[in-house]
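Q: Sending over a structure as structure tokens; questions will come in a sec.
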Amino acid sequence: MLKKMNKKVFIRSFGCQMNEHDSARLKDLLIERGYAICGSPEDANAVIFNTCSVRKHAEDRVYGKVGTLGEFKIKKPGLIIGIIGCMAEARRDEIFRKLPIVDFLCGPADLDRIPDIIDKIKNGAGRIMYLEGYKSKIIPAFSRKRFTGKTAYVKIMEGCDNFCSYCIVPYVRGRERSRASKEILEEIGLLIKKGAKDITLLGQNVNSYGKGLQEKINFVALLKKIDKIARSAKISFFTSHPKDASLELFKAMRDLKSIVNILHLPIQSGSDKILKRMNRKYTVAKYKKLALDYRKIVKGGNLSGDIIVGFPGETEKDFNDTFNIVKKLQFDAAYIFKYSPRPFTKAAGFKDDVTLKEKERRHTLLLDLQRNILSNKKLLCSRPGLEHSN
Ligand code: SAH
Ligand code: SF4
Ligand code: F3S
């Protein structure tokens, strides 16, 4: 039996809400196994970085941070260092090769193995890699001992079958799989009993919830069931894909009291040519109609979007089309990213022909535009914006 003083773990998340939720689950699992969670790597016997691969910048941050752990490992040779999450899947061999101080790698779907992995390494097992869990068709059951505050995440589905040509997520999170509604309702009921007031339903594409389940259910039907047990808790959800968002969803948002009127609906580009190359499966006109329908049905609802600038083949005209649609749609929040080629993806085979300088110019132009939109809106009314860490 390991002594308690050897059981201090530091965990840091570098990714999206799903990544943060996975870290919270891992903390619960480790606490159940007698570990204490500590606030800084200096105090820890094990340091775990939960990583993201969505853009190169996200990976560079992790490489930089792991580098700084070298001195701790010299001072404390038994220190265990683990890289988990999406980048562990994407960069498995590279991480072990470049970073000899890393003791284990574990993919997002193998999280539950981590307490055992740490024990095995302490017992001299050497380096360990668990990365195949994303091939599984199930999402592990939630912990009944789950700790929660006023806000909580609940995973309703995981993985993605959309294969947008720029995106690494389907390769690191695997195929779409949903959790049975009974289990989701049980988890939400438990969280509410423990005092949760703001609950966010998570999925890479929540609108395709239900695919592959034995029960006949879709996302709107799930929201209706949740609304019945929500009591005074507020329910949000994240993220929606425009090809699957529907009038039925907007009407449910309007009619169900517990559902918060916030819709994150990434547009990515205002050019049909680029949307096609991105494999997004909708046109600008379809997106525009959805946004207008949403605003008409969900009065005062918050609408936000993601945009990528500098995708391969994006001309000045394509960018201007994006600029104009952002101006027209008046998002309550817009998250703007510079295109970053990702391994495994289709777009990695396209020529990355927009220079970094030009990507930066387009990025700044859109940021300035969005800032102006927001300051004009604030003059009209003071409504809080939507925040997310993607
Ligand atoms: N599942 C979510 C998106 C997850 S990734 C959805 O489909 O909405 C979050 C955002 O990162 C995406 O919406 C996209 O705008 C951006 N992104 C993804 N891959 C990228 C890449 N290779 N380069 C730049 N931005 C990217
Ligand atoms: Fe990535 Fe597209 Fe799936 Fe979102 S819908 S996770 S952008 S492949
Ligand atoms: Fe990043 Fe993985 Fe989330 S790649 S955006 S941490 S699903």
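Just so you know, we're using the working numbering here: the sequence shown kicks off at 531 and counts up by one.
Just so it is clear, CB atoms sit at the ideal spot from N, CA and C, and this is done for glycine as well.
All figures in this text were calculated on a predicted structure; none of them were measured in a lab.
1. Go to T598, then tell me how far its alpha helix (DSSP H) extends in each direction, as first and last residue.
2. At which residues does the alpha helix (DSSP H) containing R542 begin and terminate?
3. If you draw a straight line from the C-alpha of G704 to the C-alpha of F544, how long is it?
4. To the nearest angstrom, report how far apart T927 and E589 are at their CA atoms.
5. What is the DSSP secondary structure of H918, counted as helix, strand or coil?
6. Where are the alpha helix (DSSP H) runs, 4 residues long or more, that stay fully inside the region 625 to 657, in chain order?
7. Measuring straight from C-alpha to C-alpha, what distance separates K746 and M548?
8. Taking 7 Å as the cut-off, is the CB of P700 close to at least one heavy atom of the ligand SF4?
9. How many angstroms separate the CA atom of S919 from the CA atom of S870?
10. Taking 8 Å as the threshold (C-beta atoms), are L661 and E923 in contact?
11. Could you check whether the Cβ of Q734 sits closer than 7 Å to any heavy atom belonging to the ligand SF4?
12. Per DSSP, what are the beta-bridge partners of H771 in this structure?
13. According to DSSP, simplified to helix, strand and coil, what is L525?
14. Where in the region 687 to 763 do unbroken runs of the beta strand (DSSP E), each at least 3 residues long, occur, reported from the N-terminal end onward?
15. Roughly how many angstroms lie between the CA atoms of N653 and Y696, to the nearest whole one?
16. Taking the straight line between their C-alpha atoms, what separation do you get for K816 and V750?
17. Between T813, K723, V592 and S905, which lies nearest to T852 when the distance is taken from Cα to Cα?
18. A639 to G663, Cα distance in whole Å?
19. Is the Cβ-Cβ distance between A726 and K680 less than 8 Å?
20. For I759, which option in L786, H771, R825 and V839 has the closest C-alpha, if you only look at C-alpha atoms?
21. Alpha carbons only, please: which of G564, I698 and K819 is nearest the one belonging to K586?
A: In short, the structure shows the following:
1. K586 to T598
2. From DSSP, R542 is part of no alpha helix (DSSP H) but of the beta strand (DSSP E) over K538 to S543.
3. 19 Å
4. It is not possible to answer for residue 927, since the shown part of the chain is limited to 531 through 920.
5. Its pLDDT being 39, under 50, H918 is placed unreliably by the model, and nothing is read from it.
6. 644 to 652
7. 25 Å
8. yes
9. Note on S919: pLDDT 36, under 50, position unreliable in the model; no value is reported.
10. In the structure as shown, the chain begins at 531 and stops at 920. Residue 923 is therefore absent and cannot be evaluated.
11. yes
12. Partner(s): none; H771 has no beta bridge.
13. There is no way to answer for residue 525, as the model of the chain reaches only from 531 to 920.
14. 728 to 732
15. 42 Å
16. 20 Å
17. T813
18. 5 Å
19. yes
20. L786
21. I698
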